[in-house]
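To keep things clear, I will list the structure first and then write my remarks on it.
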Amino acid sequence: MDGLSAKDIVGVILGIAFLVVIVFMRGSSSRRQPNDTFFNCWRCKALTPHNQRTIEAWRNEKTHFFCGACHTKWLQSHPAPPGQARPAKEYRPRRRSSPVGTLVALGAVMVISAIARSCS
Ligand SMILES: [Zn+2]
278 MDGLSAKDIV
288 GVILGIAFLV
298 VIVFMRGSSS
308 RRQPNDTFFN
318 CWRCKALTPH
328 NQRTIEAWRN
338 EKTHFFCGAC
348 HTKWLQSHPA
358 PPGQARPAKE
368 YRPRRRSSPV
378 GTLVALGAVM
388 VISAIARSCS
């Protein structure tokens, strides 16, 4: 029983570094912002500052944005189908990590640590 070897420690450190990179990439990608602060409303062409709704739309790769007034009109003319409506008060930001992502990261840590150990 010689406890942790240097290779084990290197493997763990590499695994943690890998994990930090994954978390950082996920975090930074979910906080992406449009390059422009303002957009021209697709309907009335008014110059409008981006808000939470349009930034979310931008992240979903939408290219047409509406100002608040036009969005309200659009919602009234296109009522959301039942079950898909998302009341504002129930809106929650997307979670940073998913159980699958955590499992994948854990697996990566174990693989890296195994590789580091076999490099002796
Ligand atoms: Zn408009």
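Numbering of the sequence shown is given in my numbering, commencing with residue 278 and proceeding in unit increments.
For every residue, glycine included, the Cβ atom is placed at its ideal position computed from N, Cα and C.
Treat the numbers as computed from the prediction; the structure is a model and nothing was measured.
* Can you find a heavy atom of ligand 1 that lies under 6 Å from the Cβ of Pro320? -> Within the sequence shown, residue 320 is the residue found at index 43, counting from 1. Strictly speaking, residue 320 in this sequence is Arg, with Pro absent from that position. Closer than 6 Å to some heavy atom of ligand 1: that describes the Cβ of Arg320.
* Does the Cβ-Cβ distance between Val390 and Gly292 come in under 7 Å? -> As a working note, residue 390 is residue 113 in the sequence shown. As a working note, residue 292 is residue 15 in the sequence shown. As written in the sequence, residue 390 is Ser, which differs from the Val given in the question. Taking 7 Å as the Cβ cut-off, Ser390 and Gly292 qualify as a contacting pair.
* Sequence-distant residues of the same chain with beta carbon closer than 6 Å to Ala323, five excluded per side -> Taking the first residue of the sequence shown as position 1, residue 323 is located at position 46. Once the five neighbours on either side are set aside, the close Cβ partners of Ala323 are Cys344.
* Asked: Who are Pro356's beta bridge partners in DSSP?
  -> Residue mapping note: residue 356 aligns to position 79 of the sequence shown, counting from 1. None, per the DSSP bridge assignment.
* Asked: Is the beta carbon of Cys347 less than 7 Å from the beta carbon of Arg320?
  -> Taking the first residue of the sequence shown as position 1, residue 347 is located at position 70. Taking the first residue of the sequence shown as position 1, residue 320 is located at position 43. Yes. Within cutoff.
* First through last residue of the beta strand (DSSP E) which encompasses Thr325 -> Start at 1 with the first residue of the sequence shown, and residue 325 comes out as number 48. From DSSP, the beta strand (DSSP E) with Thr325 extends over 324-326.
* Asked: Hey, Phe295 and Ala357: beta-carbon distance below 7 Å or not?
  -> Here residue 295 is taken as the residue at index 18 of the sequence shown, counted from 1. Here residue 357 is taken as the residue at index 80 of the sequence shown, counted from 1. Against a cut-off of 7 Å, the Cβ pair of Ala357 and Phe295 comes out as no contact.
* Measure how close the beta-carbons of Thr331 and Phe342 come, nearest whole angstrom, since I'm counting them as under 8 Å. => Here the question's residue 331 lines up with position 54 in the sequence shown. Here the question's residue 342 lines up with position 65 in the sequence shown. Contact flag correct, Cβ pair sits at about 5 Å.
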